[in-house]
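Enquirer: Okay, handing you the structure first.
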Amino acid sequence: MTRLAMRDIKAFEVLYDRYGTLVYSTALRVVGDPQLAEDIAQEVFLRIWRRPDHYVSQRGRFVTWLLSVARNGAVDHVRTRGRRRRHETAGEELERELPAREGQDPALMAQLADERQKVRRALASLPLEQRRVIEMAYYGGYTQQEIAAMLSQPLGTVKTRIRLGMQKLRATLAPEMGGK
Amino acid sequence: MLEAYALGAVPPEEGAHIEEHLADCLACWDHLSESQRAAALLALAVPLEEPRESLRQRIIAQARRESEPAPEASPRPWRLPRLLAVGATAVVLAAAGALSWSLVETRNLHSDYHDIQHQAAANQQQVDLTRQLVGVLMRPDVETQAMVASGMAAGASASYVWTRDGKLGAIVCHHDLPNLPKGKVYQLWLSCDQGAMDGGTFTASEGQCQHLVALECSGPAAVGVSVEPEGGSPSPSSEIVLSASLSPR
């Protein structure tokens with residue numbers, strides 16, 4: 683990040699090569715439109731280029747911060763434009779891994795791939811009804827009230843599913859969550 | 013409820029109630045923090061889709077355009093005359109020692125201080141200004157940060173000290189900063205709210221360096237040092253060999 687703050691374009695290229703696919707995929711998962719997902723990814727990376735200091739390391743790991751920015755940006759888009767992606771649960775799609783690019787740190791990419799697998803497994807281990815509401819909230823940007831209406835379930839049921847599901851994810855993913 | 017809040021799944025008015033409650037509940041903060049970290053990991057689980065290569069080209073090209081200096085560049089920050097800079101920085105070193113700055117080698121500090129004190133005494137104006145600067149650097153809002161050395165400076169030890177208002181800063185290299193060939197200098201860069209700023213040039217002597225910079229750099233976020241042609245460059249033209257993030261503690 684320091685090299686970015688010094689306007690080091692090579693550092694920016696490395697950053698894009700490392701996280702571009704993840705950022706784009708996160709945006710695409712939310713908006714479901716490749717063109718819009720590209721626009722969001724562009725916004726995210728240029729925002730970092732303009733203000734790398736917006737990331738404060740005390741807030742947590744860079745990759746999760748970066749993907750949260752991408753997810754939140756994408757959710758803002760779907761909320762303001764009223765564009766919604768189908769809220770199917772993931773899992774059936776072909777498992778792909780991050781593309782290898784020249785100059786990347788193999789250890790870092792291996793760690794990312796390992797973490798991706800763990801998070802996917804943690805999600806897959808949830809009861810389907812808990813997983814569905816969590817995915818609708820996180821990837822769809824829906825509120826609990828909207829989810830309850832869409833699933834024709836009482837609000838209390840949706841709240842309970844989110845709470846129980848997140849508690850399980852927290853317990854399962856504790857080693858990945860790192861320090862405070 | 014905090015789990016839903018961490019997922020961004022509560023409407024704004026409900027979110028406002030939760031935030032009010034959080035203000036008085038430390039345990040809730042911890043709980044929310046854990047839920048937020050778990051939620052943040054969810055993006056790692058998305059199915060991967062490769063963006064088009066044109067996206068990379070577009071983003072990098074735009075970043076390049078934005079990093080080009082504007083035609084009407086802001087005036088180069090005021091730099092202390094070299095002699096004064098050396099004198100002032102030595103006293104900065106002493107000030108830093110007074111602040112129990114463990115990274116600074118006390119022996120070198122004393123030596124430098126006495127050498128430069130003699131030099132500074134020859135010019136009362138220098139001494140006055142030096143004292144003024146030290147007075148600022150002795151303020152409680154002074155921060156220090158060890159710098160990361162890489163590339164041709166790998167193995168060097170250096171620190172950056174700055175005032176939180178961003179008006180004064182100094183880089184101090186403790187040891188192993190390589191001497192540069194003729195025609196080359198080190199150049200300091202600062203990332204400020206106003207954008208990237210030139211912090212002036214300096215050289216190494218016996219592995220050490222002291223360079224003081226006085227400029228208006230609000231919200232300094234990072235500093236870096238590159239190797240540039242004598243006289244300095246408008247923007248870094250080589251890799252950053254010393255760097256530090258300046259998050260206030």
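Protein chains in written order, with this note's numbering: chain C, 683 to 862; chain A, 13 to 261.
Positions of the beta carbon are idealized from the N, C-alpha and C atoms, including for glycine.
1) So the candidates are A:Pro-232, A:Glu-61, A:Pro-248 and A:Pro-193; which of them puts its Cα closest to the Cα of Val-712 (chain C)?
2) Could you check what DSSP says for Leu-209 (chain A) in three-state terms: helix, strand or coil?
3) Chain A partners of Ile-816 (chain C), CB-CB under 8 Å?
4) From the beta carbon of Gly-244 (chain A), is the nearest beta carbon of chain C less than 9 Å away?
5) My parser needs the alpha helix (DSSP H) runs of 4 or more residues fully inside the stretch 797-855 of chain C; what are they?
6) Examine the Cβ distances between the stretch 199-216 of chain A and the stretch 225-238 of chain A and report whether three or more of them are shorter than 8 Å.
7) Check for me: the alpha helix (DSSP H) holding Thr-703 (chain C) runs from which residue to which?
8) Examine the Cβ distances between the stretch 814-824 of chain C and the stretch 23-35 of chain A and report whether three or more of them are shorter than 8 Å.
9) Excluding the 5 residues flanking Val-705 (chain C) on each side, which residues of the same chain have their C-beta closer than 6 Å to its C-beta?
10) Using only the alpha-carbon positions, how far apart do Glu-155 (chain A) and Val-184 (chain A) sit?
11) Kindly indicate if chain C contains any beta-carbon less than 9 Å away from that of Arg-176 (chain A).
12) May I ask you to report which of helix, strand or coil DSSP gives Gly-231 (chain A)?
13) Compute the Euclidean distance between the alpha carbons of Met-164 (chain A) and Leu-53 (chain A), then round it to the nearest angstrom.
14) Closest Cβ-Cβ distance between Asp-787 (chain C) and chain A: below 9 Å?
15) When the cut-off is 9 Å and only beta carbons count, does Gly-838 (chain C) lie next to chain A?
16) According to DSSP, which residues form a beta bridge with Ser-238 (chain A)?
17) In this structure, does DSSP put Gly-181 (chain A) in helix, strand or coil?
18) Would you report the Cα separation of Val-239 (chain A) and Arg-729 (chain C), rounded to the nearest angstrom?
19) Could you check what DSSP says for Thr-746 (chain C) in three-state terms: helix, strand or coil?
20) Work out the CA separation of Ser-250 (chain A) and Gly-847 (chain C) for me, nearest whole Å.
21) What residues match up with Trp-174 (chain A) in a beta bridge as DSSP calls it?
22) Between the Cα of Thr-215 (chain A) and those of A:Gln-74, A:Ala-75 and A:His-187, spot the shortest distance and give me the residue it belongs to.
23) Do you know how far the Cα of Arg-763 (chain C) is from the Cα of Glu-65 (chain A)?
24) Alpha carbon to alpha carbon, how far is Ser-247 (chain A) from His-223 (chain A)? Give it in angstroms, no decimals.
25) Taking C-beta pairs closer than 7 Å, name the residues in chain A that Gln-826 (chain C) reaches, listed in chain order.
26) Which of helix, strand or coil does DSSP assign to Val-751 (chain C)?
27) Compute the Euclidean distance between the alpha carbons of Ile-829 (chain C) and Leu-855 (chain C), then round it to the nearest angstrom.
28) Could you please give the first and the last residue of the uninterrupted alpha helix (DSSP H) stretch that includes Leu-224 (chain A)?
29) Pick out whichever of A:Leu-189, A:Ala-35 and A:Cys-229 has its Cα sitting closest to the Cα of Asp-177 (chain A).
30) Which same chain residues end up closer than 7 Å to Arg-761 (chain C) when comparing Cβ atoms and leaving out the 5 residues on each side of it in sequence?
31) Looking only at C-alpha atoms, which of A:Val-58, A:Gly-243, A:Ser-257 and A:Gly-211 sits nearest to Lys-194 (chain A)?
32) Rounded to whole angstroms, how far is the Cβ of Glu-797 (chain C) from the Cβ of Glu-858 (chain C), which I believe are closer than 8 Å?
33) Roughly how many whole angstroms lie between the Cα atoms of Val-173 (chain A) and Ala-208 (chain A)?
34) Rounded to a whole number of angstroms, what is the C-alpha to C-alpha distance between Ala-18 (chain A) and Ala-51 (chain A)?
35) Which chain A residues sit within Cβ distance under 7 Å of Arg-798 (chain C)?
Expert: In terms of the structure at hand:
1) A:Glu-61
2) Correcting the residue type first, residue 209 (chain A) is Met in the shown sequence and not Leu. Here Met-209 (chain A) sits in strand by DSSP.
3) Leu-19 and Leu-54
4) no
5) 810-820 and 826-833
6) Yes, the stretch 199-216 of chain A is in contact with the stretch 225-238 of chain A.
7) 691-713
8) At 8 Å Cβ cutoff, the stretches do not touch.
9) Ala-723, Val-726 and Ala-752
10) 13 Å
11) no
12) Gly-231 (chain A): coil per DSSP, three-state reduction.
13) 37 Å
14) no
15) no
16) A:Gln-199 and A:Ile-252
17) Gly-181 (chain A): strand per DSSP, three-state reduction.
18) 27 Å
19) helix
20) The alpha-carbon of Gly-847 (chain C) is positioned some 49 Å away from that of Ser-250 (chain A).
21) Within the DSSP bridge table, the entry for Trp-174 (chain A) names A:Glu-155 and A:Gly-181 as partners.
22) A:His-187
23) Straight-line Cα distance between these residues: approximately 27 Å.
24) Roughly 18 Å separates the two Cα atoms.
25) Ala-16, Ala-21 and Val-22
26) helix
27) 25 Å
28) The continuous stretches of alpha helix (DSSP H) do not include Leu-224 (chain A), which lies in the beta strand (DSSP E) extending over residues 221-226.
29) Nearest C-alpha to Asp-177 (chain A): A:Cys-229.
30) Gly-823
31) The candidate whose alpha carbon is nearest that of Lys-194 (chain A) is A:Gly-243.
32) 6 Å
33) 18 Å
34) 7 Å
35) Going along chain A in sequence order, the residues near Arg-798 (chain C) (Cβ under 7 Å) are Leu-56 and Ala-57.
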